[in-house]
Structures are given as C-alpha cells and as structure tokens.
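Numbered according to this note's numbering, the sequence shown spans residues 657 to 1843. We put the CB at the ideal spot given by N, CA and C, even for glycine. Report on one structure; see the data block that follows.
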Amino acid sequence: MSGVVNDTTGAVVAGATIKVVSVENGAERTATSNADGFYSIQQLQPGNYKITITQTGFKSSQIDTLTLGAGQSRELDVNLEIGEISAVVDITSSEVEPASIDQSSNRMGVNITAKEVAELPVNGRNYSQLYLNAPGAVNVGTGNFNELRFNGRSNQQNQTKLDGVESTAIFDASPGYVTVQGSQFRLQTSIENIQEFRVDSSNYPAEYGTGTGGQINVVGKSGGNAYRGSLFYYVRNDALDARNFFDGAEKSPLRLNQFGGSIGGPLPFFNFGEGGPVFNSGKNKLFFFASYEGLRQRAGFNVIESTPSNFVRDFVSFFGTADPRGEAARGALNISATDATAAQARINALRATGIINAFPVGTGAAFNVGGLNNSAQLIQANRTASLDEDAFSGRIDYKINDRFNFYARYQRNTGDLLSPDGASGRFIAASQSPDNFVASLTQVYGTSIINETKFGLNRAPTDLGTVVPSVAGLSGLDLRTNSLRLTGNIVSPGVNGGAPTGFTEPGGLTRQSSAGNGRAQPIRPSSYSFINNLSVTRGNHNMKFGGEFRQLKVDFDQLGGTVYSYGSVRDFVLNQNVTAAFIGDLSAPGNFSIATDPITTFSRPSSDFSRGRQFFLIGYGQDEWRIRPNLVLNYGLRYEFYSVNKEKDDRAIIVDAATGRVLPSDSDFYQSKKNNFGPRLGMTWTPKFLGGKTVFRGGGGLYYGPGQYEDLIQPIESNVFRSTQTIAGGLTSTTGQTVANTNVVQSRFTPRVYDTTGYKVPERVLQYGFSVQQELPGNTVLTVAYVGSQGRNLFIRSVTNTILPGQTVILNGSALPAGVGVINRCSVAPINGTCPGTVLGVTTIRQFDIIGRRLDTATGTIVNDPAGVLQPFGEMDYKTSGGRDRYDSLQIQLNRRFTAGLTLNAQYQFGKSFGNTQGSNDANTVQNPFNFNEEFGNNTFDIRHSANITALYELPFGKGRRFELGGIADAILGGFQIGGVYNGRSGTPLNVLISRPDLVAVCQNAAGCGTGQPQGFVITLPGGALPAGYVGVVNTPGGNASRNTRRPDLVPGVDPFIKIEGSNLLYLNPAAFAIPRPGTYGNLPRGFLKGPKFHQFDLTLQKRFRITETTNVEFRSEFYNLFNRANFANPPTSLPNNLAGGATSQQPAVPYTTTNVGQFGVINSTVGRTVGLGTNRQIQFALRLNF
C-alpha cells in the first residue's frame, strides 16, 4: 500500500506517520511520508486494516476498515486538515476509496477475493476453476488445473505457490492423475484453507517466475483475535440430475458428499517468568487455524466397447472338436475350411491359454470387423468410480515482538481412487498423499526494511496400479502382468448411449507414461525450498530483492509387463502374427545386452527405486520507482538456473541422438544453460487531465521455465529391458517366458534419447503487452489490453536413426550396399535397376545400422556378413529444443469489487497461438524429422475465443441491506444471495493423424500385377516375399511409424465437418481425407481443424439465517450446467491404414468413406462424465454453519 499525504490546499505533507493495524489480529506496521509526501508499506498480509495518519499541526485522520487483497498494490492518498493532533477525523472507506485501477504495475491478472472463493458455485470445490477469471486463461477440458493454460503457454509452465512455497505437482501437472474418467484428486488444497489468491497471467515482475505460464499465489487462512470457523456438508445425488447424453438405459449414478469444518482464533498460553499475568489469552500474540475436509464420491459413467462375438468364442473353444458349435462358428465367421484346418494347432494353443475367457460376453447382434463376418458384439456397462479423500491443515502464527513475526503451516491430503478402465473389468487403483509445509519468519527493521525468510516442503507421493477380475481357465498368462489387445475398424451404429470406442482390452497393464504400459508405478516426488525476500523503501523507490534454492528429489519405479497385440480379429481367431511387447521392471536387478558393435552390457545391481535429482537456483531484484505521483517505472532482473536432472547413482542409459553412441552413465542427459537472465520492464502513466481514473500501462520481459519433469528423466526410464517380437505362431502358454528372456542380446533396442548437445533447457519466452485501465462508477474497472509473446528454445520431439534415403534392388544374398535405406532382395539378378523376378524380402537400413555385420543369435556374438546388417536400435523417439511459437491476443477484463451487494469478474480474449511446437508436455512428435518448420500451424490449445464470467449478488432485502427487514420478514425474505459462473470457448484444435507404415509395396509392372491392381497400385508390405511385380518403397521419408504422428491429405473442395443433429454424431467427414501417396507427407496443416464449442452456466442460490451478529446458518442450492447443454469432447481423430494385401486395398489419394474408418470423427463423450465442467446438469445442496 502506498500513497501521498497532502493538506487541504494540495501541498504535500512530509513527516506524517501512517499506522496500519490489522483488524483480524492486531498486527501493526508504520511508515513515514517523505519530502514528497510519499509513503509506502510493503508486504502487508491480505485482510482488513484500520489506518491512522498523524502529523503535528494537523488533525488525525482515521479509516476504520480498508481491504487489501492478495498480491495487491493499492494507492491511498489522504488530505489532512489543519488542527490539533488530538482531534480525530473519521473517514469512511468510501470517501477515500483507493483507486481501483492499478497505477503501479503493468502485470495482467486478477484477485480472487475471500467472498468469491467461499461463495461462488465451484464445481467439486476445486478452486482452480476460478483461475479462469484471469485474462488470457483458457479451459481445454473439465476445468481441473492440468487443463488450464495462460496466454498460449503449456500447463507445465504454470506455477502455484501456497503461502509463498511451491505447491505445483513435481512429477506431472496433476499429481496422481490417471488417464481415466473420475481420476482427479481435488483436495490438495481445500477451499476451506484459502483466504484468497492472486492469478497473474503475463508481464509479472521479477519476483515471480520459474515458469512462463500463469503465476498463482494462494494465501492461506490464519487465526485472529476472534474465534471464527465453519461446519459444512455438501451433497449430490443423481436422483436430481439430468441424464448424460451418452447414458444407456440406466442413468449414470452419482453420490458425492463433501463435509468438514474449520476453526481459528487466539491460542491461550501460560506466561513463564516474573511479572505479568500467569495466563495469556493469546490475542494480538498467538493464533491458530485448523481445518478438515472429507470427500466421498461414487460416480458412474457409461462404457461402450466391442468384444469378440459369441461366434469367435465358439470357434476358439470348439473348432476341431466333436462339438458342432466350432464348425457352425467357422461358417458364421466365413473362415474357409482350408485356413481353419491349417491353423488347427495354433487354435489349440490359443484355446489352451484360456485367454478367450478374459473377454466379457457381448450383447446384441454380431457385426463384421476387418472383413471377418459376425466377429464382434457390443458390450455396454455402467461402471462406477470411487474416490475418497481426507484433507487436514493446521497453522500457528506467533508475534514474537514488534519486529519479528513467525508462522508455520502444514497441510496433508490422503486420497484413494478406484476407477474403471474400459469394459473388461479392469480398474485403475491410485492413492496419493500430498503434503505441504512452510515456516516463515518476518523481520521488520524500522519503517523501511522488511526481510522474510522461509523454508518450504512440497511432496506428492503417489501409487498407481491396477485391479483385474479373476478369470477361470487361464494357463501361462497372468492378467495382472499382461494385457491383450485387438485392433480393427469398429463400424457399428452403436446402441442407445453412443458408439463403441474400440475393442475392450483385458489385462492389468495401463499407460504409465509416454515410455509405455505397466502394471504399477510408485512415485515419491518432493521439493525443498529455502527462500529469502528483502523489501526496502528509499525515497520514491520500493525495492525488493530475493533468492531461492530449491532441491527436487523424485524417487520412482515402473513395473512393466507384456502387451500381446493382434493386428486383426482374423489374426486372433487363427492365432497368428501376434506382437509381444515386453517391458521389464525398472527396479529389477540383473544385466541385459544390446547389439552394438562391440556389444554393450548394462548392469543393474540395485533393486531399489530410481532416484532423480535436480536443483533450482533463483535470484531477483526489482524496483518500483515513482518518478512522479502519476508516473511509475518498474524494472527488475531475474536469474534462474536449472541443473541437469541426474540419477543419484548414475543408473541411466544415455544414447546420443546425434551419433548413436552409448555414453557413460554419469554423462549429462542434456545441456542446461547458465545465462538465464530475465529483464523486466514496465511503466504506468495516470494522466491528471483524465481525472486520475485512467491509467496507461505497458512493458514486457524475458521469462524462463523448466521442462516437464517426466520428459527430463527419459534416460532413467530407458534403463530397463524391452523386447518387441512378432510371433507368426501366435500366442501359447509359454510365449511370455520367451519374450521376457533377458539373457539374449537384444537388437532394435529403443531407449528414450536426447540430443545431448542440442537439447538445451530452459525454454524462454519474451512477453510484452500494452493496456488501458479505466475506472468506472461502482468500484468497477475496465481493462482493454494487447498481450503477446514469442517462445524460443521450446521443447520439441522427433525420431532419430531415420531410414536412410534412396532405394535399390540387389540379388538376394549379395553384399548390402552402403548409404541406401530400402534394399529389395531379388530372386534373380536385377536388370537396369529392376527386379525381373520376385522380391524375396526388403531390408531397411537406418541411421546407426552397421552394414556387413550381424548378430549371431545362436552364439550371441557379432560376426562379419556382407549380406547382413547389425541393427542395435529400433526407431528412437528423441527430444530436443529449438521449437518456437507466437501468441497474440486482445484481452478485455471487467472487475467490480463488492459494492452495493454486487461482485463481478469477467474476461474475454480473442487470441491465436501459432508455432511448430507448444513446448513442455504439449509438444507432439513432428511429422517430418528432416524439417521441423513444416510443423508450423495452430498450436494444440489454440482457442480463438474464450469468455469467463463470475458474479455474486446479494438481494437487497433483510437486515443491514437497502430494504431493511426485521423479525419474521427478515427470516423469510432476507439473507438471499444469487451467483453464477459462465465458461465458454471456441473449439480446440483437432490433430487428425493417420497410421502409415514406413514401407509399402508398389506394383511396378506396366501391365499391372493382377486383377484390379494396375501399375502404381499400393499394398501393405508383407513379411516375406512380395507378390509378383511388386517392389518395396519408402512410404514416409525417414520413417516415424512408431510415433504415429503423420497427417493425411486434405481432399480439395470437401467440407471436413458434418453438422451434428438428431441421432447423427459424426462430426468429421471421412470423405475429406485421403492416404498420402508413398514418399510424401500429408498436406493437412497441424491443428487446422477445430473441435466442438463449449458453453456452461452454473447457478447458486443461497439463504442465510442470522443467529447472532457473527453466526449464521447458510443453505445453498447449486446447479451445474443449468441448461443441461451437451458439451461434446473432441472425437477420435486417428485414421486407419486401409492398405491391404490385394485388390481390396484402399489406395492413396482416394477419399475415405464412413464404412472403412471405424469410429473416426464420431462424437462419443461429453467433456466431463463425472464431476467438473462439461457434465450433464447436476444439482448440489449444502448446509453451512459460519461463526
């Protein structure tokens, strides 16, 4: 708080004493006006203050109550009257209401007051929804923290601090987050603990950083001189809710109960020593605050998947036996007797595993999948997720003396989640117990120097696993450590409630990270912070200096398993060509070797967690220089250093993406820059000729942010045995033993790699903006701003060891040529570069492959072979920096502080985010590994229009309101309040992708290669010899099939959208897309298409029954999605590879049809299915006792 003291003539008054006393706890601060009449009091806690201004020769002026918000800088100018100092002039806050406009900084943001936090209809009591009140904030999902972005930046670049200590999750944007419905833990910080908070979205000063996104500073509640507290109970029940758009015959059940309470006040204590009373009430000295909140949620949602039909079940179970159901099923499936008989041994082996019993039985008529008749049925189930949480918090504040104040606060949440993952009966089991601690000592030196020292602890231990149902008859397969996956284009009209999302997947493995699937993942992340901030006022300068040392420790494990995948239902029933992908346990001791030359052996003696270690070093200095009373210059400099993440015991596999060399395990994973200096500059001008009610603000700065932690530990995650094999003989009871054998030397090892010299953190963002703020009547402020930013050195990913350019034909068995990527091995000698006979096979050569050497699998050694190739690595996903983007926006903000019963916050933005990446965890793998600039397009969360409005209005009837009522009239008509929240946005980008193999076979004969197969006809490359006349060619230059990030061609003149109406849920038009021709990339730009819009309005109606002046009972009814609008989530956007092995193949440049794309483009879900934004209409009742 700052301002100027004048007399009634306008002359400045020097030497005036400004005394500020907290109404809540009696804490005092003083300042003295300087020769220019200017005074400043720094680092006041949010709350209500009594202010007294005195000076000899003038009457004393006194303001009983003035409210200061979190992170708020308020201007309070006072005029003193000549007279005796003993005379007191009482000034109401309305008479000297400090300017609502921000005259001292150019930052864009919003203060969320205690009233808004406590009384707005916050869905699920997840306060992060209120971040949307900040300019530049957009919601891309259900409103949880991990789905909010600020000014085009990644959610990983948002920073949340609780009482000045990091409370952002360390390992991911949302600790304990699992990619299933109903999976969000919500009580890391209970609303009951929050006094208020400040969200800064851009152009914030040098004291803030460690991220390029939003800065959220939450101020926790503390005790005061009066006992204050609450008891509350919130309840929801689906009996009052509307049906979800995708509910089946039964409405999805919902039972939600949130309950708890809080209390704070003075803490009595005994005085020790001589003199004074023995017992002290604690007032003005020692305070406490404590709270508890519990959550019990049971939320159901509709699941529709496909499952093998009863015909498939009968065929696998009985074909080849005396039971006639086997032969009947063969006929229904339209499998020839020849094919079935030839596969009899494999079918018997599949039957012996009992895996068919793991698929749930479907209902309804069977339908065709992938050319196999009657092979699938639908299964529709309403599954229920359970979520239990208990959050505790405690705080102690102690005023040691007039100079020293101390507080300590600790909070902890324990949560357990059990959520269904599809229709197979698998459940995700997650538990989490985040806690956060801070201890702070504030030291006041005179009236101009304040120092604050803090220690903070932030932890979020999480355990992720699965629970699978018991299946009778299994042999050799443990569903806890295995999963079975069927692929195929599901083309079905669906059932009441939606369309199927694919085949259900029985087994116990689920996605752990981008590194793969596993059965469990324990994570123990923690950060320790040592912080010091020094505030100094000198003349017209308010200066602040500070620093932080933050130590990050992340101990984790990943427990793997095997995923068995069949490329079609036909392959499954005939038990052929199963791909087995095995991932070992990260903590499993032992050795394994990869086929480098010479062979590299990795030794893992430990069976303990892997231990990631990193530290941050931060320092800053800033000055708010009041050049003139109406002209303020803000400038500062911030420095941030992020050390390279390391494994404590060097248990990592580090492969350099540029050279393919395996580096020593103590090498740096990547490069961390040390010159991360971020200047900040801003200026505000409040012209007197505009009455002091208009301020022009502008400035900018350079900001840095660390990468997503999960992307900085890839070499640690690589330190595990992986094996991927395609087994022509299909699944048997002993397949798992072969796949998991670590005693073999492994070819095509796929570590997660970095460009160890080119990948340099941190990312940096230049932010800039200009705004005009206008104070309007009724304590209302209108802000119109341009906000822009440019990101550089952003995280981007690609594949290394690409397929070499060029192709050739050689005689099978002859020496392989060097420097050629695709080598067709011909049965007879080539003539003029063509194969006059049959291509017996195609050899693919990648970067880092070694021609003339091969792995002898019998001996496990590397031997010379001119016709051989040593392939140590499979296609490797690698990460680097160098991405860039740009964001431009018009932002309009309207804020009204609580006045005449009305509080209002509204923000609108029209913006564009464009680049070749969006950085951090929002970065996709590039389509063209040779040219990152081809990725330039709309970023993942480019939302052109976004509007968010919150409002609270006290109806003007009742005691103390405009229309005074008392007695029974007040009890009936008084104490009402209504409020609302509106969230709306345009659609988020759709990144349409297509599955394309790296290589295909093309007919090269001028006369064609058979009926319906002219020259240039394209088919899938077979595993062995090619059909006569075909030759293998590169389909996508460089490869990249493992990342599946290729885009299709956009067919000219065809509208890619179909209007959703009636029963039609097809949003994207398949006819607008086509397979690109071999050797080309798709022409569809990144993020070119947009998904459905989002609009939701929530309403609250509250009635308070006054018991005493400070005690009331409050009843609330809250309506989420009041108008029950179906807010659809983006549809599936993956197109299948429809290249087949013959004349039925869909050819490149031919548009897709609705009959061959499965569920592509079909809306199958609302944005929210359980609790949060985007659900069906839900009604909540609450009862609170406030005292």
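Nearest by alpha-carbon distance to residue i: which of the options is it?
i: I741; options: R730, S717 and V734; result: S717
i: D1544; options: N1061, H1601, S1087 and F944; result: H1601
i: T1494; options: P1678, P1245, N1794 and I1187; result: P1678
i: S1698; options: D903, E1531, Q1067 and D1072; result: E1531
i: N1030; options: K1746, Y695, R1772 and R1226; result: R1226
i: V1823; options: Q711, E803, D1213 and D692; result: E803
i: F1333; options: S1263, R1420, P1245 and T1390; result: R1420
i: T1436; options: V821, T1596, R1553 and Y1291; result: R1553
i: D1411; options: A1384, V1455, T1391 and L1432; result: V1455
i: R1772; options: Y1359, F888 and L1337; result: F888
i: S1080; options: G1630, N1820, A1047 and F1015; result: F1015
i: R1448; options: G1385, Y1359 and C1482; result: Y1359
i: L1387; options: L1140, S760, G1277 and F1729; result: L1140
What are the boundary residues of the beta strand (DSSP E) that residue i is part of?
i: R1699; result: R1699 -> no beta strand (DSSP E), and no H or E assigned at all.
i: V1428; result: E1419 to L1432
i: T1340; result: F1333 to W1341
i: R1002; result: Looking at the DSSP string, R1002 is not in any beta strand (DSSP E); the run it does join, the alpha helix (DSSP H), is Q1000 to T1009.
i: P1178; result: A1176 to R1194
i: Q1207; result: H1197 to F1212
i: V1582; result: Here V1582 belongs to no beta strand (DSSP E), and DSSP marks it neither H nor E.
i: T1252; result: Looking at the DSSP string, T1252 is not in any beta strand (DSSP E), and its letter there is neither H nor E.
Quick one: give me the first and last residue of the alpha helix (DSSP H) that residue i is part of.
i: I1624; result: G1623 to L1629
i: V972; result: N966 to F974
i: G1392; result: T1391 to V1395
i: V1229; result: V1225 to V1229
i: L1165; result: Here L1165 belongs to no alpha helix (DSSP H), and DSSP marks it neither H nor E.
i: R986; result: R981 to L989
i: K771; result: A770 to E775
i: E1373; result: Q1370 to E1373
Measure the beta-carbon distance from residue i to residue j and round it to whole angstroms, keeping in mind my assumption that it falls under 8 Å.
i: L1848; j: R1510; result: Absent from the model: residue 1848. The displayed extent of the chain is 657 to 1843, so no value can be given.
i: N1024; j: E1045; result: Contact flag wrong, Cβ pair sits at about 46 Å.
i: F945; j: K877; result: 5 Å
i: K1272; j: T866; result: Just to set this straight, residue 1272 is Phe in the shown sequence, not Lys. Yes, they are in contact, since the Cβ atoms of F1272 and T866 sit about 7 Å apart, within 8 Å.
i: G693; j: V745; result: Between V745 and G693 the Cβ distance is about 18 Å, and since that is not below 8 Å, they are no contact.
i: Q1429; j: I757; result: 4 Å
i: K1535; j: R1453; result: 5 Å
i: P1683; j: C1665; result: 6 Å
i: P1726; j: V1827; result: Not quite, the Cβ-Cβ distance comes to about 34 Å (not below 8 Å), so this is no contact.
i: P1704; j: I1731; result: 7 Å
Chain C beta carbons: is any one of them nearer than 8 Å to that of residue i?
i: P1261; result: This model lacks chain C altogether, as it is built from one protein chain only.
Fill in: Inter-stretch contact at 8 Å, needing at least 3 Cβ pairs: the segment 903-916 / the segment 947-957
yes
Practice prompt. Please determine if the segment 1644-1657 and the segment 1675-1690 are in contact, where contact requires at least 3 C-beta pairs separated by less than 8 Å.
Written response: yes
Discussion item. Quick check: the segment 776-789 against the segment 1600-1616, are at least 3 beta-carbon pairs closer than 8 Å?
Written reply: yes
Worksheet entry | Three or more C-beta pairs below 8 Å linking the segment 675-682 and the segment 698-709 | yes
Worksheet item: So, do the segment 1007-1026 and the segment 972-986 have three or more beta carbon pairs nearer to each other than 8 Å?
Response: yes
Discussion item. Please give the ranges of any beta strand (DSSP E) in the segment 1527-1553, keeping only runs that are unbroken, at least 3 residues long and fully inside the region.
Written reply: none
Worksheet item: Would you call the segment 1350-1362 and the segment 1420-1432 touching, i.e. three or more CB-CB distances under 8 Å?
Response: yes
Fill in: Stretch-stretch touch, CB-based, cutoff 8 Å, three pairs: the segment 786-798 with the segment 1555-1563
yes
Worksheet item: Fully enclosed by the segment 695-730, which beta strand (DSSP E) runs are 3 residues long or longer?
Response: 703-710 and 716-724
Item to complete: Tell me, please, whether the segment 1248-1263 touches the segment 1036-1045 by the rule of three or more beta-carbon pairs shorter than 8 Å.
Response: no
Practice prompt. Please determine if the segment 1289-1296 and the segment 1234-1243 are in contact, where contact requires at least 3 C-beta pairs separated by less than 8 Å.
Written response: no
Fill in: 4-residue-minimum alpha helix (DSSP H) runs that sit fully inside the segment 1431-1489, ordered along the chain
none
Worksheet item: Hey, is the segment 851-858 in contact with the segment 1123-1141, meaning 3+ C-beta pairs nearer than 8 Å?
Response: no
Item to complete: Decide if the segment 1741-1759 is in contact with the segment 1612-1628; the criterion is three or more beta carbon pairs, one per stretch, under 8 Å apart.
Response: no
Worksheet item: Pairing CB atoms from the segment 914-924 with CB atoms from the segment 898-905, are three or more of them under 8 Å?
Response: no
Item to complete: Please go through the segment 1721-1795 and give each complete beta strand (DSSP E) segment of 3 or more residues, from N-terminal end onward.
Response: 1750-1762 and 1768-1776
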